[in-house]
Amino acid sequence: MTDTPSSWRAATRMVHAGSERTPYGETSEALFLTSGFVYDSAEQAEGTFTGDIEHYQYSRFGNPTVAALERRLADLEGAEACITTATGMGAVSSALLSHVRTGERVVASRALFGSNYWIIANLLPRYGIETVFVDGGDLAAWREALAVPTAAVLLESPSNPMLDVLDIRAIVEAAHKAGAIVIVDNVFATPVFQKPLELGADVVVYSCTKHIDGQGRVLGGAVLGRKDWISETLQPFTRNTGNALSPFNAWVMLKGLETLAIRVDAMTRNAATVADFLAGAAGVVQVRYPGRADHPHRDLIVTQMTGGGTLVAFTVEGGKEGAFRVMNALRLIAISNNLGDSRSLVTHPATTTHMKIAPEERAHLGISDGTIRLSVGLEDAADLIEDLRRGLAALAPV
Ligand SMILES: *Cc1c(COP(=O)(O)O)cnc(C)c1O
């Protein structure tokens, strides 16, 4: 394996960490697109299965390309260990299901990605696990919910789609008193701008589909945490339930990591420019962007994030009709529920990602019918503003 000297800085590590050159001396990481591995002898196969010999067995258990990605992700996150999964939801579901047991309890923030919400609201209770939702910003509610023994806490910060920022340190403190591990879905912050493990969290999960691939090509997920938890709790679960990442997707993501920091930085500069434009634009009633001084959780943001991120939520006049007019008039920015892509994308949460949530609950989360979520890409910010100007012009009655 290529050594990664600890003195190397982050940008260097994202290009080199975890690489393992074959005897052919390839420059770019090799892609081991293989399901199985052969043994020199029956004895070697036996020794591999007893664990006395270190040898790859089967790509559901481990694969050199996947392992290279896991080492690089662990290095980026500052985690002891990482296991990748087929999708982001594979990461969230495995982290929870490997850890909690019937009769135990899980507490989660209410503002969650749709499928995260479904797991907490519908799946876990089916297995006799008590689940409790709290308003993420209400520390008293967290403390109350965590006044009894609890197995796990799941939270997202910034949240989807309203970009609420939660006090991770304070929630961790309450969770640890209740005996719970804290799992942070860090997709919106990206590993570039927020390090939940440094804030005290136990486990970090990613949909690598988002900024880590970052170019809208492949699905993948990752779970990061302490070595003992990963190897004793998570790994037996993922290996035996078959949530393995394709080596091809792992290879694409290794390439994605080489440019993650520069992409996320450039997208964030664009997002800040676009958010400022929207805040002053006619027809826009509200803008939420963690990088703006008017974000309601600004004081907290500066203590736990080092950048505002690539997502902007804004609400236009005219409710659903207004939002649809704006979106349909865009020519550059595409309508898609994906995010973290190099292309800018808009979605209307009330009728897509959050359509299954009852209207009162949506209102409670701050999502109104005029709210649009914008994932800002790598285009020239001036072109994005021109397109948004065109979209907002469609609000005026013709
Ligand atoms: C996309 C996303 C997921 C799920 O990831 P998939 O790769 O689509 O399975 C989970 N959490 C958040 C915050 C996401 O944005």
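Numbering (our numbering), first residue to last: -2 to 395.
Even for Gly, the Cβ is constructed at its ideal location relative to N, Cα and C.
All values derive from a computational prediction rather than experimental measurement.
Just how far apart, CA to CA, sit residue i and residue j?
i, j, result
"Y53", "G59", "6 Å"
"E101", "A78", "26 Å"
"V12", "A137", "43 Å"
"E26", "E67", "13 Å"
"G197", "Y21", "42 Å"
"T238", "L94", "11 Å"
"R98", "A177", "13 Å"
"A65", "N335", "26 Å"
"V131", "V184", "20 Å"
"L160", "Y286", "7 Å"
"A347", "L371", "14 Å"
"A7", "V261", "14 Å"
"H208", "R10", "17 Å"
"V398", "F274", "The requested residue 398 is not part of the displayed model; the chain covers only -2 to 395."
"G134", "I165", "10 Å"
"D182", "A393", "39 Å"
"I259", "N157", "23 Å"
"D384", "D377", "11 Å"
"T349", "S204", "19 Å"
"M263", "H292", "Rather than Met, the amino acid found at residue 263 in this sequence is Ala. Going from the Cα of A263 to the Cα of H292 covers about 21 Å."
Leaving out the 5 sequence neighbours to the left and right, which residues in its chain are closer than 8 Å to residue i when beta-carbon positions are compared?
i, result
"K192", "E74, G75"
"T82", "A88, S91, G217, G218, A219, V220, T235, N240, A241, L242"
"T128", "R102, V103, V104, A105, I117, A118, L121, P122"
"R140", "A171"
"F396", "Given a span of -2 to 395 for the chain in the structure shown, any question on residue 396 remains unanswerable."
"T19", "A27"
"A391", "R322, V323, N325, A326"
"T1", "R10, H13, A14, G15, D72"
"P233", "S95"
"E255", "M11, V12"
"G44", "I50, H52"
Counting contacts by CB-CB distance shorter than 8 Å, is residue i in contact with chain D?
i, result
"A42", "Here there is only one protein chain, and chain D is not present."
Is the separation between the beta-carbon of residue i and that of residue j shorter than 8 Å?
i, j, result
"V313", "V281", "yes"
"V189", "G15", "no"
"S341", "G363", "no"
"T265", "T307", "yes"
"A167", "V145", "no"
"A39", "H96", "no"
"H231", "I126", "Rather than His, the amino acid found at residue 231 in this sequence is Leu. In this structure, I126 does not lie closer than 8 Å to L231 by Cβ."
"V162", "H294", "yes"
"G397", "A326", "Outside the displayed span of the chain (-2 to 395) sits residue 397, for which this structure offers no information."
"T62", "F34", "no"
"G253", "D338", "no"
"S4", "T31", "no"
"L251", "R386", "no"
"T143", "G211", "Per the sequence presented here, residue 143 reads as Leu, with Thr not at that position. The answer is no: Cβ separation not under 8 Å."
Grab me the residues of residue i's own chain with a C-beta within less than 6 Å of its C-beta, minus the 5 sequence neighbours each way, in chain order.
i, result
"A320", "V313, H345, G367, I369"
"T84", "L216, G218"
"A276", "V284"
"V179", "V150, V169, A172, A198, D199"
"D49", "none"
"S365", "T312"
"I382", "F274"
"L379", "As written in the sequence, residue 379 is Ala, which differs from the Leu given in the question. Cβ within range, chain order: n/a, list empty."
"A42", "Y36"
"M86", "S112"
"G401", "The requested residue 401 is not part of the displayed model; the chain covers only -2 to 395."
Name the DSSP bridge partner or partners of residue i?
i, result
"S372", "L308, L342"
"E153", "D182"
"T81", "A219"
"A105", "F130, L151"
"A167", "Beta-bridge pairing links A167 to no other residue."
"A331", "L342"
"R285", "A310"
"G33", "Y55"
"V200", "I180, G222"
Skipping 5 residues on each side, what residues in its chain have a beta carbon closer than 7 Å to that of residue i?
i, result
"L194", "E74, G75, A76, V201"
"R359", "A347, H351"
"A278", "L389"
"V249", "D210, R214, V215"
Tell me, please, whether the segment 107 to 116 touches the segment 149 to 166 by the rule of three or more beta-carbon pairs shorter than 8 Å. Remark: three or more beta-carbon pairs, one from each stretch, lie closer than 8 Å, so the segment 107 to 116 and the segment 149 to 166 are flagged as touching.
Quick check: the segment 294 to 303 against the segment 323 to 343, are there 3 or more CB pairs under 8 Å? No, they do not touch.
At least 3 beta-carbon pairs within less than 8 Å: the segment 222 to 232 vs the segment 252 to 271: The segment 222 to 232 vs the segment 252 to 271: no contact.
At least three beta-carbon pairs within less than 8 Å, the segment 241 to 249 to the segment 347 to 357: As far as the Cβ criterion goes, the segment 241 to 249 does not touch the segment 347 to 357, which means the pair count is below three.
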